[in-house]
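Chemist: Below is the structure I would like to discuss, written out as structure tokens.
There are 2 protein chains.
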Amino acid sequence: MKIERAVDIKTLKRSIDQDSEAQLLSVQDILNQVKEQGDAALFELTGKFDGVMLEELRVSPEEIQQAYQEMDDELVEIIKEAAKNIEEYHVQQKKQSWFFTRPDGTMLGQKIIPLDSVGVYVPGGTAAYPSSVLMGVTPAKVAGVERIVLVSPPDKNGKLPAGVLVAANESGVAAIFKIGGAQAIGALAYGTETIKSVDKIVGPGNLYVALAKREVFGTVDIDMIAGPSEIAVLADGTANPAYIAADLLSQAEHDPRSASVLVTTSEALAEQVAKEVDKQLQTLPRREIAERAIRDYGAIYLVESLKDGIDLINEIAPEHLEVMTQNPTELLGQIKHAGAIFLGPNSSEPVGDYFAGSNHVLPTSGTARFSSPLNVDDFTKKSSVIMYSERAIQDNAKKIAAFARLEGLEAHARAVEKRLEEKEDE
Amino acid sequence: MKIERAVDIKTLKRSIDQDSEAQLLSVQDILNQVKEQGDAALFELTGKFDGVMLEELRVSPEEIQQAYQEMDDELVEIIKEAAKNIEEYHVQQKKQSWFFTRPDGTMLGQKIIPLDSVGVYVPGGTAAYPSSVLMGVTPAKVAGVERIVLVSPPDKNGKLPAGVLVAANESGVAAIFKIGGAQAIGALAYGTETIKSVDKIVGPGNLYVALAKREVFGTVDIDMIAGPSEIAVLADGTANPAYIAADLLSQAEHDPRSASVLVTTSEALAEQVAKEVDKQLQTLPRREIAERAIRDYGAIYLVESLKDGIDLINEIAPEHLEVMTQNPTELLGQIKHAGAIFLGPNSSEPVGDYFAGSNHVLPTSGTARFSSPLNVDDFTKKSSVIMYSERAIQDNAKKIAAFARLEGLEAHARAVEKRLEEKEDE
């Protein structure tokens, strides 16, 4: 791993997958097919893309029961404990409706209302991610969403992984459907005979899923389109190089385009971490992926001071930030842009990926400048509440009318003045 | 205005402006030109589209001073009072960072951080909207955004309307630039010599502005793309038909595609409102627009009960909802989908457009199912904070590692186990 003195974070800028015209047309075709043919299209497209002719789209209670039997009991317990921790964290995010009053009798407020229904997309493929199920479903559940459905592409035998089914059941989804790809997004957005449409679709997926989500945005709401992810570690000379190397590699094993960055004031630490990374890499099962990620998007930046280090971190706006300095909490006030901030030597990133309770769906690729971790607010919306009293409208109607006329909107002016007129008539 | 017994809200579904390929290409060209040529492109494009060769992009302090002189003192006072009310409402939306602890030494939290910089787009053209300035800027200001800049297209003399300048100054923007269209969006997203880039762009605009916002989304954040707007009134026999008619028309005068809908249990009221609308229409300056809107997208729906009425309202999910029944507050608990809810006979919609304090940037065209009024949260973002203690990691590392291995992520497992190893070494 290379150590750099001149800081240039341009190399960290990785592009999000580019869509070709052909892929977009194919996605539009799939969406139209689902819109027009409903379930029939889902069966056909699942045959075509997932290589299985399903008998039922929906996962049966028996399949869920079987998943529990297939799984190691200890793992089931771990999933349950993680689910409990994740719920505990997200409950803190719940907001109250509120109002305030003015002496003239005005009442103004904001009503917080959960979405009616949400669809969570869980990718299939090489690895199954039960943790993504918990992270997608729990905030919606805590928000009070009544109907949460989960979709995920089946394997060649028409099955979903046991871990996904157990996690889905533990987090409280209403129904699980064995569909994936753009066709799953179409089903959630437009509805079919079996699958009622939802108000919002969340969860990561491949390029086709991302394109489909962008296409249906407006008909339903969507979460962000995730780009390649990253970790940055800010450390001084007190940090443990083996911890840092292990944490950098945990990010690197995700994807050849994952970025792993150390920012440090200590040249000695920089050298030790570089060595540790190379050493720990040797025995990783996903070594090939991690090695490419470290080579292409790994960097150790030497900085003059922690202040400079924090400036650099704020410029990178990393998805994950670990702070391994003597007094990490003292630096929290200066950190402006990071999806999740892990403080101290024991807060290894996977702690947050699986278990502590915070969400692992985080803003990637510098979007932490303006985006947030997936959270309960994402599954609620607000309504303004305005109640003007007779006195308030009598006192203010002329002012409001004058403002409306300044904007050339006479009917607006007359609507409020109508309340004066009627009063004068009495 | 027609009264309908069979309820079919399909006619309310108005499409958002469709973009042609040509318009999109033109927007992409403009964005590229701004990206490559900076200020020079802005001067050239403003000459081309707004018909004025500017000397300076930025509004000078003298121009702002002049705006105050041009405006009626009473109007300045009204704008100031509106600004104060809007601030009072939005201050209530501010959220606190929070944390909680576990007995094992874990600390988990969420830090709330304002965005660094925001750009507010204010449309030019026939009507100037100082109220939109207040509504766009105030929540950003209250959120704590340090740099708020405003952009708006100049007239042929290179000026912005006095009302816009006064409102901008009262709401506390850092700088005002005389640029509009896709070129203004490009400048805010990419930055030029004079205009530093921002993290988020908000505010409505024409089709070119909307297309440009969609193009730069990802580089910066954007607010929603607004569609045609609407009002729905839910009323029983106790309501005043003249009030309802006036409020329906205040919405109708905006745009020929604005929808104005009355849902009522009272046939007598329905007939009176239909007559009143026709009567009040006659003398409106914007009669032509309002008449088309009422003809094409106006409707009075007769329902059996208030319960049926509320079901219909929730299906429409109107931008504005007025509740004019005997006990409007009692119905608040059943209303699930509406951008802003106006309760009682005195809460005429323009009260909320200008003065009460709530935001007038609201989810349109049924998107109140999943979207919210513009608010302080839109200008902040969250960072998760995770601090695991030594005991917490020692107690949980094996569980976390098992979860990671279930997902095939060995480096994740090893990162947490590294903390055990080192412990055993001691």
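Protein chains in written order, with our numbering: chain S, 35 to 460; chain W, 35 to 460. Even glycine gets a Cβ: it sits at the ideal position worked out from N, Cα and C.
State the Cα-Cα distance for the pair S/I5 and W/V254, rounded to the nearest angstrom.
Modeler: Shown here, chain S extends from 35 to 460; a query on residue 5 of chain S therefore has no answer.
Chemist: Going by Cα to Cα distance, which pick from S/I350, S/V250, S/E111, S/N191 is closest to S/N66?
Modeler: For the residues S/I350, S/V250, S/E111, S/N191, the minimum Cα distance to S/N66 belongs to S/V250.
Chemist: Answer yes or no: does any C-beta atom of chain S fall closer than 8 angstroms to that of W/L440?
Modeler: Interface residue, yes.
Chemist: Looking only at C-alpha atoms, which of S/Q314, S/H371, S/L194 sits nearest to S/Q99?
Modeler: For the residues S/Q314, S/H371, S/L194, the minimum Cα distance to S/Q99 belongs to S/L194.
Chemist: With 8 angstroms set as the bound, which would you pick, yes or no: does the beta-carbon of S/V66 sit closer than that to a beta-carbon of chain W?
Modeler: For the sequence presented, residue 66 of chain S should be read as Asn rather than Val. For S/N66, the answer is no, since every Cβ of chain W falls outside 8 angstroms of its Cβ.
Chemist: Kindly identify the DSSP beta-bridge partner or partners of S/E38.
Modeler: Looking at the DSSP assignment, S/E38 forms a beta bridge with S/Y335.
Chemist: Quick check: what's the CA-CA separation for S/K190 versus S/K234?
Modeler: Distance between the alpha carbons of S/K190 and S/K234: 28 angstroms.
Chemist: So which residues of chain W does S/R291 contact, with C-beta pairs closer than 7 angstroms?
Modeler: Chain W residues near S/R291: none, gap ~16 angstroms exceeds 7 angstroms.
Chemist: Among the residues of its own chain, which have a CB less than 8 angstroms from the CB of W/R320, if the five just before and after it don't count?
Modeler: These residues qualify, in order along the chain: E287.
Chemist: If contact means a Cβ-Cβ distance below 8 angstroms, which residues of the segment 406-431 of chain W contact chain S?
Modeler: From the segment 406-431 of chain W, only S406, P407, N409, D411, K415, K416, S417, S418, V419, I420, M421, Y422, S423, E424, A426, I427, N430 have a Cβ closer than 8 angstroms to chain S.
Chemist: Return the chain-ordered list of same chain residues with a C-beta closer than 6 angstroms to the C-beta of W/I427, the five sequence neighbours on each side being excluded.
Modeler: So the qualifying residues of the chain are R453.
Chemist: Between the C-alpha atoms of W/K128 and W/K415, what's the straight-line distance to the nearest angstrom?
Modeler: Each residue's alpha carbon lies about 12 angstroms from the other.
Chemist: So S/M169 is in the alpha helix (DSSP H); what residue range does that whole segment cover?
Modeler: Note, S/M169: alpha helix (DSSP H), 164-177.
Chemist: Who are the Cβ neighbours of S/G206 in its own chain at under 8 angstroms, not counting the five residues just before and after it?
Modeler: The residues are V171, K175, I182.
Chemist: Could you pull the DSSP bridge partners for W/E356 from this structure?
Modeler: Per DSSP, W/V267, W/F376.
Chemist: Between S/P262 and S/S399, how many whole angstroms is the CB-CB distance? I'm expecting something under 8 angstroms.
Modeler: About 6 angstroms separates the two Cβ atoms, so the contact holds.
Chemist: Output, in sequence order along the chain, the residues in the segment 310-342 of chain S whose CB is closer than 7 angstroms to any CB in chain W.
Modeler: Flagged, chain order: L318, P319, R320, A324.
Chemist: Using beta-carbon positions only, say whether W/L88 and W/P188 come within less than 8 angstroms of one another.
Modeler: Yes, Cβ-Cβ distance for W/L88 and W/P188 is below 8 angstroms.
Chemist: Could you name the residues of the same chain whose beta carbon sits closer than 8 angstroms to that of S/F77, not counting the 5 residues immediately before and after it, in chain order?
Modeler: Contacts found: M87, L88, L91.
Chemist: Checking contacts by CB at 8 angstroms: is W/K433 closer than that to chain S?
Modeler: Yes, its Cβ sits closer than 8 angstroms to a Cβ of chain S.
Chemist: Please state whether DSSP places W/S417 in a helix, a strand or coil.
Modeler: Reduced to three states, the DSSP call for W/S417 is strand.
Chemist: Please identify, using Cβ separations under 8 angstroms, the residues of the segment 212-229 of chain W that lie next to chain S, in order along the chain.
Modeler: Those residues of the segment 212-229 of chain W that come within reach of chain S (Cβ to Cβ, closer than 8 angstroms) do not exist; the list is empty.
Chemist: Does any CB atom of chain W fall closer than 8 angstroms to the CB of S/D345?
Modeler: Judged by the 8 angstroms Cβ criterion, S/D345 is not in contact with chain W.
Chemist: Run down chain W in chain order and give the residues with a C-beta less than 7 angstroms from the C-beta of S/T359.
Modeler: Correct list: empty, because the minimum Cβ distance to chain W is about 13 angstroms.
Chemist: May I have the straight-line CA-CA distance separating S/L318 from W/S405, to the nearest angstrom?
Modeler: Taking the straight line joining both Cα atoms gives about 45 angstroms.
Chemist: Could you tell me whether any Cβ in chain W is nearer than 8 angstroms to the Cβ of S/Q100?
Modeler: No, S/Q100 does not count as interfacial toward chain W.
Chemist: Check whether the Cβ atoms of S/A260 and S/P238 lie closer than 8 angstroms to each other.
Modeler: The answer is yes: Cβ separation under 8 angstroms.
Chemist: Do the CB positions of S/Q285 and S/S294 come within less than 8 angstroms of each other?
Modeler: Yes, the pair counts as a contact, with Cβ atoms nearer than the cut-off.
Chemist: From S/Y224 to S/G252, what does the alpha carbon distance come to, in whole angstroms?
Modeler: Spanning the two alpha carbons is a distance of roughly 12 angstroms.
Chemist: Helix, strand or coil for W/R291, going by three-state DSSP, please let me know.
Modeler: Coil at W/R291, not helix or strand.
Chemist: Less than 8 angstroms separating the beta-carbons of W/A327 and W/D289?
Modeler: Going by C-beta atoms, W/A327 is nearer than 8 angstroms to W/D289.
Chemist: Using only alpha-carbon positions, find the residue among S/M141, S/E204, S/E227, S/V185 that is nearest to S/L109.
Modeler: For S/L109, the nearest C-alpha among the options comes from S/E204.
Chemist: Buried or exposed for S/P379, please, with buried defined as at least 16 other CB atoms from any protein chain shown within 10 angstroms of its CB.
Modeler: Answer is buried; the Cβ neighbour count reaches 16.
Chemist: Under three-state DSSP, which class holds S/F251?
Modeler: Looking at S/F251 - three-state DSSP - the assignment turns out to be strand.
Chemist: Which bits of chain W does S/F83 rub up against, with CB to CB less than 9 angstroms?
Modeler: Near S/F83 there are no residues of chain W at all, since even the closest Cβ is about 22 angstroms away, more than 9 angstroms.
Chemist: Let me make sure I understand the geometry here. Which of S/K309, S/L58, S/S94 has the alpha-carbon closest to that of S/A216?
Modeler: With distances taken between Cα atoms, S/A216 lies closest to S/L58.
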